[in-house]
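Undergrad: I have a structure I would like to understand better, so I am pasting it below and will then ask my questions one at a time.
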Amino acid sequence: MLAQGNNMLVQGNNMLVQENNMLALGNNMLAQGNNMLVQGNNMLVQENNMLAQRNNMLAQGNNMLVQGNNMLAQGNNMLAQGNNMLAQRNNMVQENNMLALGNNMLAQGNNMLVQENNMLAQGNNMLALGNTMLAQGNNMLAQRNNMLAKGNTMLAQGNNMLAQGNNMLAQGNNMLVQENNMLALGNNMLAQGNNMLVQGNNMLVQENNMLAQRNNMLAQGNIMLGNNMLAQRNNMLAQGNNMLAQRNNMLAQRNNMLAQRNNMLAQGNTMLAQGNNMLAQGNNMLAQGNNTLAQGNNMLAQRNNMLAQRNNMLAQGNNMLAQRNNMLAQRNNMLAQGNTMLALGNTMLAQGNNMLAQGNNMLAQRNNMLAQGNNMLVQGNNMLVQENNMLAQRNNMLAQGNNMLVQGNNMLVQENNMLALGNNMLAQGNNMLVQGNNMLVQENNMLAQRNNMLAQGNNMLVQGNNMLAQGNNMLAQGNNMLAQRNNMVQENNMLALGNNMLAQGNNMLVQENNMLAQGNNMLALGNTMLAQGNNMLAQRNNMLAKGNTMLAQGNNMLAQGNNMLAQGNNMLVQENNMLAQGNNMLALGNTMLAQGNNMLAQRNNMLAKGNTMLVQGNNMLAQGNNMLVQGNNMLAQGNNMLVQGNTMLAQGNNMLAQRNNMLAKGNTMLAQGNNMLQFGNSQSKQNY
1 MLAQGNNMLV QGNNMLVQEN NMLALGNNML AQGNNMLVQG NNMLVQENNM
51 LAQRNNMLAQ GNNMLVQGNN MLAQGNNMLA QGNNMLAQRN NMVQENNMLA
101 LGNNMLAQGN NMLVQENNML AQGNNMLALG NTMLAQGNNM LAQRNNMLAK
151 GNTMLAQGNN MLAQGNNMLA QGNNMLVQEN NMLALGNNML AQGNNMLVQG
201 NNMLVQENNM LAQRNNMLAQ GNIMLGNNML AQRNNMLAQG NNMLAQRNNM
251 LAQRNNMLAQ RNNMLAQGNT MLAQGNNMLA QGNNMLAQGN NTLAQGNNML
301 AQRNNMLAQR NNMLAQGNNM LAQRNNMLAQ RNNMLAQGNT MLALGNTMLA
351 QGNNMLAQGN NMLAQRNNML AQGNNMLVQG NNMLVQENNM LAQRNNMLAQ
401 GNNMLVQGNN MLVQENNMLA LGNNMLAQGN NMLVQGNNML VQENNMLAQR
451 NNMLAQGNNM LVQGNNMLAQ GNNMLAQGNN MLAQRNNMVQ ENNMLALGNN
501 MLAQGNNMLV QENNMLAQGN NMLALGNTML AQGNNMLAQR NNMLAKGNTM
551 LAQGNNMLAQ GNNMLAQGNN MLVQENNMLA QGNNMLALGN TMLAQGNNML
601 AQRNNMLAKG NTMLVQGNNM LAQGNNMLVQ GNNMLAQGNN MLVQGNTMLA
651 QGNNMLAQRN NMLAKGNTML AQGNNMLQFG NSQSKQNY
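And the structure:
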């Protein structure tokens, strides 16, 4: 029993030793626990300091968010709503309701983004349709320019034909001048012939007087004096024959001149016929030019209709852009509400700071998850910065495209000025044609006066012929009287010889009278030919008058065509002004988009700074209870929603970038179309 008691004592001592060891171990553990408590207290102090820093950072972030809300122009209303929501949010149920409301708002924002994308797609389709219509309008303008070039070519050909006709008229006028000179020379020769006839008649009168004296002398018996008188009479007859020969030569020269005049008239008529043919060709070309102008006007009307449709589409696109801006404003409001809700979540996180000591292990896991989420946010922010840079590049490209459009419009204005200068030159050419027509009218008046003078000359020739006929009748009466006298007087052989000589002289007078009759017939034939020539001249004058009338009508048609061209140029100027206004509106829209993009970039920067501050604050937090877990889960869901929203924003920005690329391609195509218009206009100017 003692042994058992000793064993029990030994065991009790061992147990005491073990208990002392355990107590020592417990003391060590207590000491370690105290050290851990001291360290925990130190960590709590550090955490409190970090929480104070984080609260300061959160205050700075809130200030930056307030500034961002002020820039968005609707922050005050949203802050008031946030204060109301903070007052109402006293428990987790209200918080869940607010989160559900935030989810609904995000869903509405997503729906708005979908609608915005659809509207952007419709706007892009409308822009593509407008670009197609612009391309069609440019093609129509090119066709119209080609038609105008053809019309200008036809007008140039018509002007060349008119110039050739004027040259022919000038040649005809020169021939008429030569003809008038020849007629004047012929009239002078006729006057000389008439003078010679008057001298011959005077000689015949003298001869009759001498015959009367001779007869008296014969009656008195003075034969020698009678023979002397016969010799003088024969000399006078010889002189009369010489004068008649000279007159016949002059008549032959006059007939040659009349033949040359007739040839010239025939050539002038041929030239007039050629000129009329050329005028007919010019009228046909003018008719073709009018048809091409009518077609060009129809094409301009179609192009104006297309431009009106394009303007309507642009107006619809502007309305869609306005709706898109409204949706963006609503989306910004929703994002501001989401930020308010995030601020409320931060307030809830501040309320859970008292339970920091319980969840160190959970904090480590949460911090790892937050670090990954923060890395994703940083990557998203970097992507937003890249997208903003791409938007800035796109805005620069749009500005360059607008500058190119402005340069194209300036070139169109210069082209319109050159067209106006060409129209002024055409008007001057028309004035010169009018002056030429006035000169032709004056020449026709001078030709009419010359025809009157020729008619008067012909009347004088007729009177001269009548006087010659009376003289011939008087000579015939004298011869009859001489014949009666010869029958009644019986003379000697010398008288018989004298009678024979008188008979020969009478025969010569008969021959002379026959020659005079032939000359009178030739004069009558010449007068007939002159009358025919005068008729032909009258017909030519009528044809010239008709030609002048046709020229006047052609000039009127040219004036109408010039007026139509001037109206077309005015319409082009108005159209260019409308295009310039449209370009200005597009530039203003691009400027507003650039400003909106800048505001979005500033807001993204502010969000990035806020996210950075949240990352720093979340690293400092020490939460571990169930409320923190629930809050963290809710924050994780919110972060997922933000990531989805950022993803959708990235997709929207990608679609905007694609739209900008399409707009850049459209601007490039517009620039190429403008270059083609400039090239076609330069070609039309060179052809003109």
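According to UniProt numbering, the sequence shown is numbered sequentially starting from 1. Just so you know, even glycine gets a beta-carbon here, dropped at the ideal spot from N, CA and C. Note that the structure is predicted; figures quoted are calculated from it, not measured.
State buried or exposed for ALA252, treating a residue as buried only when at least 16 other CB atoms are found within 10 Å of its CB.
TA: Exposed, by the Cβ-count rule.
Undergrad: Can you give the Cα-Cα distance for ASN209 and GLN199, rounded to whole angstroms?
TA: About 15 Å.
Undergrad: Excluding sequence positions up to five away, which residues of its chain have a Cβ less than 7 Å from the Cβ of ASN661?
TA: Closer than 7 Å at Cβ, skipping near neighbours: no residue.
Undergrad: Could you pull out every residue in the same chain whose Cβ sits closer than 7 Å to the Cβ of VAL489, ignoring the five residues on either side in sequence?
TA: Note that VAL489 scores 48 on pLDDT, short of 50, meaning its location in the model is unreliable; the coordinates nonetheless yield the value given after this. Excluding sequence neighbours, VAL489 sits near nothing in its chain.
Undergrad: State the Cα-Cα distance for the pair GLN246 and ASN256, rounded to the nearest angstrom.
TA: Going from the Cα of GLN246 to the Cα of ASN256 covers about 15 Å.
Undergrad: Which of helix, strand or coil does DSSP assign to LEU79?
TA: Caution applies to LEU79, whose pLDDT of 48 falls short of 50 and renders its modelled position unreliable; the model cannot decide the point.
Undergrad: Ordered along the chain, which non-local residues of its own chain (more than five positions away) have a Cβ less than 6 Å from that of GLU491?
TA: Confidence at GLU491 is low in this model, with a pLDDT of 48, below 50, so its placement is unreliable and the value that follows should be read with caution. No residues qualify anywhere along the chain.
Undergrad: Let me know if GLY75 comes out buried or exposed under the rule of 16 or more other beta-carbons within 10 Å of its beta-carbon.
TA: Interpretation of GLY75 is limited by its pLDDT of 47, a score under 50 that renders its predicted location unreliable; the figure taken from the coordinates is listed afterwards. Counting Cβ neighbours within 10 Å, GLY75 comes out buried, since at least 16 surround it.
Undergrad: Indicate the three-state DSSP secondary structure (helix, strand or coil) for GLU491 in the structure shown.
TA: In this prediction, GLU491 has a pLDDT of 48, which is less than 50 and means its spatial position is unreliable; nothing more can be read from the coordinates.
Undergrad: Taking the C-alpha atoms as reference points, what is the distance between GLN267 and ASN249?
TA: Each residue's alpha carbon lies about 27 Å from the other.
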